[in-house]
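K.L.:
Have a look at this one.
2 protein chains.
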Amino acid sequence: MKIVIVGGVAGGASAATRSRRLSEEAEIILVERGSYPSFANCGMPYYIGGTIASRDKLLVSPVERLRQRYQLDVRVRESVELIDRAAKQVTIRRLDSGEVYTESYDKLILSPGAAPFRPPIPGADLPRTYTLRTLEDADRLAEVTRDATRAVIIGAGFIGIEMAENLVHRGLETSLVELNQQILPPWDAEMVVPLERLLRERGVKMHLGDQAKEFRATEGGLEVVLASGHTLQADFVVLAIGVRPENTLAVDAGLNVAERGGIQVNCHQQTSDTDIYAVGDAIEVTDVVSGKPVQIPLAGPANRQGRIAADHIFGRESSYRGTQGTAIVGLWDHGAAMTGLSEKACQRLGIAYEKVYLHPADHAGYYPGATPMAMKIVFDPVSGKLLGGQVVGRDGIDKRTDVLAMAIQAGMTVEDLEEVELAYAPQYGSAKDPINMAGFIAAGVVRGDHPVVHASDLIAGKLDDAVLLDVRTPEEFAAGAVALGVNIPLDELRDRMDEIPRDKPVVAYCKVGQRGYMATRILKLAGYDVHNLSGGYITYEQVAAAKPA
Amino acid sequence: MKIVIVGGVAGGASAATRSRRLSEEAEIILVERGSYPSFANCGMPYYIGGTIASRDKLLVSPVERLRQRYQLDVRVRESVELIDRAAKQVTIRRLDSGEVYTESYDKLILSPGAAPFRPPIPGADLPRTYTLRTLEDADRLAEVTRDATRAVIIGAGFIGIEMAENLVHRGLETSLVELNQQILPPWDAEMVVPLERLLRERGVKMHLGDQAKEFRATEGGLEVVLASGHTLQADFVVLAIGVRPENTLAVDAGLNVAERGGIQVNCHQQTSDTDIYAVGDAIEVTDVVSGKPVQIPLAGPANRQGRIAADHIFGRESSYRGTQGTAIVGLWDHGAAMTGLSEKACQRLGIAYEKVYLHPADHAGYYPGATPMAMKIVFDPVSGKLLGGQVVGRDGIDKRTDVLAMAIQAGMTVEDLEEVELAYAPQYGSAKDPINMAGFIAAGVVRGDHPVVHASDLIAGKLDDAVLLDVRTPEEFAAGAVALGVNIPLDELRDRMDEIPRDKPVVAYCKVGQRGYMATRILKLAGYDVHNLSGGYITYEQVAAAKPA
Chain U
1 MKIVIVGGVA
11 GGASAATRSR
21 RLSEEAEIIL
31 VERGSYPSFA
41 NCGMPYYIGG
51 TIASRDKLLV
61 SPVERLRQRY
71 QLDVRVRESV
81 ELIDRAAKQV
91 TIRRLDSGEV
101 YTESYDKLIL
111 SPGAAPFRPP
121 IPGADLPRTY
131 TLRTLEDADR
141 LAEVTRDATR
151 AVIIGAGFIG
161 IEMAENLVHR
171 GLETSLVELN
181 QQILPPWDAE
191 MVVPLERLLR
201 ERGVKMHLGD
211 QAKEFRATEG
221 GLEVVLASGH
231 TLQADFVVLA
241 IGVRPENTLA
251 VDAGLNVAER
261 GGIQVNCHQQ
271 TSDTDIYAVG
281 DAIEVTDVVS
291 GKPVQIPLAG
301 PANRQGRIAA
311 DHIFGRESSY
321 RGTQGTAIVG
331 LWDHGAAMTG
341 LSEKACQRLG
351 IAYEKVYLHP
361 ADHAGYYPGA
371 TPMAMKIVFD
381 PVSGKLLGGQ
391 VVGRDGIDKR
401 TDVLAMAIQA
411 GMTVEDLEEV
421 ELAYAPQYGS
431 AKDPINMAGF
441 IAAGVVRGDH
451 PVVHASDLIA
461 GKLDDAVLLD
471 VRTPEEFAAG
481 AVALGVNIPL
491 DELRDRMDEI
501 PRDKPVVAYC
511 KVGQRGYMAT
521 RILKLAGYDV
531 HNLSGGYITY
541 EQVAAAKPA
Chain H
550 MKIVIVGGVA
560 GGASAATRSR
570 RLSEEAEIIL
580 VERGSYPSFA
590 NCGMPYYIGG
600 TIASRDKLLV
610 SPVERLRQRY
620 QLDVRVRESV
630 ELIDRAAKQV
640 TIRRLDSGEV
650 YTESYDKLIL
660 SPGAAPFRPP
670 IPGADLPRTY
680 TLRTLEDADR
690 LAEVTRDATR
700 AVIIGAGFIG
710 IEMAENLVHR
720 GLETSLVELN
730 QQILPPWDAE
740 MVVPLERLLR
750 ERGVKMHLGD
760 QAKEFRATEG
770 GLEVVLASGH
780 TLQADFVVLA
790 IGVRPENTLA
800 VDAGLNVAER
810 GGIQVNCHQQ
820 TSDTDIYAVG
830 DAIEVTDVVS
840 GKPVQIPLAG
850 PANRQGRIAA
860 DHIFGRESSY
870 RGTQGTAIVG
880 LWDHGAAMTG
890 LSEKACQRLG
900 IAYEKVYLHP
910 ADHAGYYPGA
920 TPMAMKIVFD
930 PVSGKLLGGQ
940 VVGRDGIDKR
950 TDVLAMAIQA
960 GMTVEDLEEV
970 ELAYAPQYGS
980 AKDPINMAGF
990 IAAGVVRGDH
1000 PVVHASDLIA
1010 GKLDDAVLLD
1020 VRTPEEFAAG
1030 AVALGVNIPL
1040 DELRDRMDEI
1050 PRDKPVVAYC
1060 KVGQRGYMAT
1070 RILKLAGYDV
1080 HNLSGGYITY
1090 EQVAAAKPA
């Protein structure tokens, strides 16, 4: 068995080492265009920022180890240029010498990854505009960062905001330009408002809903002209707009490629040519929740796909279950995590959904150091099946997202979340974990126990006929309220119920939704047409701060 | 509807507030023997130790709020003494006045909890021997701790080791006496070895496999005579041996009570009298994994049971799914967590199992601050169904335990763990999360790809006929090895294979099991009868340090 693997990072490296563990006889050729296979590309922003002090740390599996331990024929700085499917051979170019040769294969695994997108605008190719993909890219950016004072980042996705943190860490005046009205486009806009605030607090100049129209070389730097008319001065620019699947090889070879560019594969990672597999950021995957084809570049799935391709080559029935889009990104001591479908994904796909917001603490409030998180879960309004979750905050966001990811993987409902038994001690959680709380709230909505309305509807004027009932204290009400409305603190509600008109719908709200929930129950049992404002005033503020897309 | 609830902590408080949310009309009487319903009993050790500075923090739901917001008839310092099932009334004693009265009920909910066990030995009732159950107990211990210099803790369960940490934090010379040869009896002995070392490092004098035979009053203190003959001097003693279900009321009323003391209930929390419910630490529950009745006192389940009892009283079909024993305990910046069955529980119940150990880092090794954890999962050797997991370490142990808890809840197999998609960024995890790694290892064992042997078998002499093959570096080998054996570093294995006899079984091992795994694959593909030592030298050392029960 002779296997040629195109691309040595993540999926390619996993396929190679897995193949070796399955066969000592196989000839395994790993062709990597860069100088380093299997390097930690997710660590690059932190290497540039200095948090990862040593470059060697990023070399997870050095070439020597891949060669020695896994007996891989690793060929770095070589590029596969052409696939001859009929002859089952590839044409490879040695990048340093320009020399070209052919190599036959029994099985070919494509793991070419995705390439950073350079916008087709004037100046996008100027020397001081950088993308971040290879370790050499990181070296260049680390170098240029050392002497720079001002940088502009185009794109506020994962790499964009990680670069923002790290350039601020290096002391640079940093501007962040994003076409969308929000950072981190996979998340719903209101959920990332706290991180947008954090970026501003840390000095990042935010240009949301704007885009670069032109880059101009200036003396010793660049000028970035934005669509809004603003002009930003920078020593250099980081282009972090997004990535495109590297599909040239596949397209040229006539393999099936999706409209959005991803190489199409079956559950065993086979392309339309059964002797050619494809894995990682270059492929189209099936979304676990929606069942639709999507393009989601993530490291975990890439590794698993590589393993599955190798398994299948050696006669095993391993199959890929699809991608659910579980992701997390840190931003100083904060972060954002998600799994499954966002609300806007549901809207885009026409999937019926309901949502709830909550703001639990990461651990018991009576133990020091508890911090709040914002959680949003999206679920089927009838069956309660969990469709997705988003968690933003400081501590414990990764844990709750992983638990939600497991729930989605298992096809659980929000009623299941009520019942799950998670680890509790005061340093780690609460007897009623945020996951249980999300279940209580969402399952109560599904059951009709305490109907909710949403800040977006309130802001859109859809609830103008309703009485807004603020059940917080007068002090909280005075400090800022949703709108003119009635303020009856929860503990006075039963005594002052006659102040609330019975002929109008009532929207109760508090700070995070908990007192509003109790008020909703009291009024519902008293016969009112009442809804709770999900997530309370905190969510309302986030929604109000988020601009519509 | 008139509901009387016996006991106002956790399950009782949850039942009361849930009942009110379901009915504004119900008369809800909450009878609490102590002065404080709904206080944070899990926080008491940290209040005594000073980490929780304010006592008020422990009063989660003050009496006033329960009365005002939830319209509960809260009666503190009153004790239900008798149930008259025929008349559907209880006899209540006012503890301060001694006055006795009766109260009728439509539904009675028993949430009496469990009482700390006082050993039947001389001196166990001396004034300076304390148990920790009520807030008054915590007050007394906080008080006595202030002026003390030496303390002895009897029992190294949750409360015992939390008290040890907190007394050390207060500067006390602390001794910990435990009948078992290990701390934290629910865990397998080898898993808690690192925490036993930590306790010793922090100055706690450990007396495992020992027990108090007598307490003697001395001038200003106590003398603790141990079975081993040691005598410990102390200013006071904390009795933390364990708890017994408070079942007197239930027994006197003729309700079904299990042999081990727990009140028996159905899935709606009804006792053998359908008008009497029972919840929390006083009841027997069904183990989710084994299906057997067990006695597991935990806060999360108590809260859920309270909610379910209230639901059922108001005509809802909520039912309890059983307890899976998900638990965690912190110890300084370390901790131990578990879910499902331990190995010894499988042995006790006669359940067939296999196990694997691993020592992954909590997050990507290339990002600063990664710490190792010890993980053990127990699974069905044929189907691969996950039976239980234990995780001990610093960061991220709670997350992995919660993910395993979800997997058990969903009935997942170790093959499912290979495929689950968890949140990865370098600060939070790895592209191949510890959970995926556990799945890879365990599923490979189930499939027969890389059979394992265990340190316990090695120590028991069961593998004496095997060649022990250390595939670490010569430096690692020289620093300490399992036994006399061959040292062939992994990267030299293929070239030096002729040094390994082919007529004997081979046990390969390394530091944590990863290189041993690769060696096992290489040798297996070369036709050897080879096994990997699960968890490698680190697990071996833990197992060797743990004394048999």
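Protein chains in written order, with my numbering: chain U, 1 to 549; chain H, 550 to 1098. The C-beta atom is built at its ideal place from N, Cα and C for all residues, glycine as well.
Within 10 angstroms of the Cβ of Gln818(H), are there 16 or more other Cβ atoms? Answer buried if so, exposed if not.
P.N.:
buried
K.L.:
Check whether the Cβ atoms of Met740(H) and Gln939(H) sit closer than 8 Å, and answer yes or no.
P.N.:
yes
K.L.:
I need the DSSP call for Asp498(U), collapsed to helix, strand or coil.
P.N.:
helix
K.L.:
Indicate the three-state DSSP secondary structure (helix, strand or coil) for Phe477(U) in the structure shown.
P.N.:
helix
K.L.:
Measure the alpha-carbon distance for Leu721(H) versus Val701(H) and round it to whole angstroms.
P.N.:
Near 10 Å, if we compare the C-alpha coordinates of Val701(H) and Leu721(H).
K.L.:
Please state the DSSP three-state secondary structure of Asn166(U).
P.N.:
helix
K.L.:
May I have a chain-ordered list of the beta strand (DSSP E) segments no shorter than 3 residues that lie completely inside the segment 4 to 59 of chain U?
P.N.:
27 to 32
K.L.:
For Ile1100(H) versus Ala789(H), is the C-beta spacing smaller than 8 Å?
P.N.:
The shown model of chain H, from 550 to 1098, leaves out residue 1100(H), and the question about it has no answer.
K.L.:
Checking 8 Å against the spacing of the C-beta atoms, do Gly704(H) and Arg765(H) come in under that value?
P.N.:
no
K.L.:
Looking only at its own chain, which residues have a Cβ that is under 8 Å from the Cβ of Ala544(U), when we skip the five neighbours before and after it?
P.N.:
Ala455 and Ile459
K.L.:
I want to see whether chain H comes within less than 8 Å of Asp139(U), judged by CB atoms only; does it?
P.N.:
no
K.L.:
Run down chain U in chain order and give the residues with a C-beta less than 8 Å from the C-beta of Arg1045(H).
P.N.:
The contacting residues do not exist; Arg1045(H) stays about 13 Å from chain U at best.
K.L.:
Between Val629(H) and the ligand NAD, is the CB less than 7 Å from at least one heavy atom?
P.N.:
With respect to the ligand NAD, the structure shown offers nothing to examine, as it has no ligands at all.
K.L.:
Is Gly242(U) near Ser111(U), with beta carbons less than 8 Å apart?
P.N.:
no
K.L.:
Starting from the C-beta of Ala364(U), find all residues in its chain whose C-beta is less than 6 Å away, skip the five residues before and the five after it, and write them out in chain order.
P.N.:
Pro426 and Ser430
K.L.:
Excluding sequence positions up to five away, which residues of its chain have a Cβ less than 6 Å from the Cβ of Ala565(H)?
P.N.:
Ile554, Ile577, Leu579 and Leu621
K.L.:
Output the distance between the C-alpha atoms of Thr694(H) and Leu58(U), rounded to the nearest integer angstrom.
P.N.:
Spanning the two alpha carbons is a distance of roughly 50 Å.
K.L.:
By DSSP, does Asp73(U) sit in helix, in strand, or in coil?
P.N.:
strand
K.L.:
Tell me the rounded alpha-carbon separation between Val774(H) and Val787(H).
P.N.:
14 Å
K.L.:
List the DSSP bridge partners of Arg93(U).
P.N.:
Paired residues: Ser79(U) and Val100(U).
K.L.:
At a CB-CB cut-off below 7 Å, which residues of chain U make contact with Gln976(H)?
P.N.:
For Gln976(H), the chain U residues whose Cβ falls inside 7 Å of its Cβ are Gly330, in order along the chain.
K.L.:
Starting from the C-beta of Gly811(H), find all residues in its chain whose C-beta is less than 6 Å away, skip the five residues before and the five after it, and write them out in chain order.
P.N.:
Pro794, Ile832, Glu833 and Gln844
K.L.:
Could you give the first and the last residue of the continuous alpha helix (DSSP H) run that contains Gly461(U)?
P.N.:
It is not in any alpha helix (DSSP H) - Gly461(U) carries neither H nor E in the DSSP assignment.
K.L.:
Tell me which residues share the same chain as Thr600(H) and place their Cβ nearer than 8 Å to its Cβ, disregarding the 5 neighbours each side in the sequence.
P.N.:
Asn715 and His718
K.L.:
Short check: CB of Ile957(H) to CB of Gly871(H), under 8 Å?
P.N.:
no
K.L.:
Taking Cβ positions, are Lys205(U) and Ser175(U) nearer each other than 8 Å?
P.N.:
Yes, the pair counts as a contact, with Cβ atoms nearer than the cut-off.
K.L.:
Threshold first: 4 residues or longer. Then list the alpha helix (DSSP H) segments lying entirely within the segment 945 to 994 of chain H, N to C.
P.N.:
946 to 958 and 963 to 968
K.L.:
When we look at the beta-carbon of Val594(H) and count the other beta-carbons within 10 Å, is it buried (16 or more) or exposed?
P.N.:
Checking the displayed sequence, the identity of residue 594(H) turns out to be Pro instead of Val. Pro594(H) counts as buried, since at least 16 other C-beta atoms from the protein chains shown sit within 10 angstroms of its C-beta.
K.L.:
Between the Cα of Lys762(H) and the Cα atoms of Pro669(H), Tyr654(H) and His861(H), which residue gives the shortest distance?
P.N.:
Pro669(H)
K.L.:
Using 8 Å for Cβ pairs, my map puts Pro735(H) next to Met887(H). What's the rounded Cβ distance?
P.N.:
6 Å
K.L.:
Opposite Tyr1058(H) in the DSSP bridges: which residues?
P.N.:
Asp1019(H)
K.L.:
Comparing C-alpha positions only, which one of Leu298(U), Gln89(U), Leu126(U) and Lys385(U) sits nearest to Glu219(U)?
P.N.:
Leu126(U)
K.L.:
Looking at chain H, is there any beta carbon in it that lies within less than 8 Å of the beta carbon of Ser551(U)?
P.N.:
With chain U running from 1 to 549 in the structure shown, residue 551(U) is simply not present.
K.L.:
Tell me whether Asn303(U) is buried or exposed, calling it buried when 16 or more other Cβ atoms sit within 10 Å of its Cβ.
P.N.:
buried
K.L.:
Closer than 8 Å by C-beta to Gln324(U): which residues in its own chain qualify, once you throw out the five before and the five after it? Chain order, please.
P.N.:
Asp287, Val288, Val289, Thr339, Gly340, Ala405, Ile408 and Gln409
K.L.:
So Asn41(U) contacts chain H; which residues on that side make the cut at Cβ distance below 8 Å?
P.N.:
Ordered by position in chain H, no residue passes the 8 Å Cβ test against Asn41(U), which lies about 10 Å from the chain.
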